[in-house]
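Adding 413 to a residue's 1-based position in the sequence shown gives its number in our numbering. Every residue, glycine too, gets a C-beta built ideally from N, C-alpha and C. Reading through the structure tokens given below for one structure.
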Amino acid sequence: MGKKKTTVYLDEDLLRATKVMAARSGRREYQIVEEALRRYLGLESIRTIGARSELDEDQALVLAYREIHAERRQR
Numbered sequence: 414m415g416k417k418k419t420t421v422y423l424d425e426d427l428l429r430a431t432k433v434m435a436a437r438s439g440r441r442e443y444q445i446v447e448e449a450l451r452r453y454l455g456l457e458s459i460r461t462i463g464a465r466s467e468l469d470e471d472q473a474l475v476l477a478y479r480e481i482h483a484e485r486r487q488r
């Protein structure tokens, strides 16, 4: 999937933590942010489940987002 440049405003502490994590891991800041977003949104789980499912990508995303929202409503 291609990359798209964007501007995101972050809390200063989050940005500082992102920079530290990037420096310690030898990765770029955008890679840290991407990983955090993928985990939060459950995208890695969607890919894993999708590989074992007969659902197409759109159907799997809809199902995954429904489950995420249902879980958040319970909190």
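Taking just the CA atoms, how far does residue j sit from residue i?
i, j, result
"R429", "Q487", "32 Å"
"R452", "D471", "19 Å"
"K432", "E442", "6 Å"
"A449", "M434", "11 Å"
"K417", "Q444", "13 Å"
Can you tell me whether DSSP reads residue i as helix, strand or coil?
i, result
"Y422", "coil"
"D469", "coil"
"K417", "coil"
Let me check understanding here. Comparing Cα to Cα, which of the options lies closest to residue i?
i, options, result
"G415", "D424, E480, E447 and D426", "E447"
"L456", "L468, R437, Q444 and A477", "A477"
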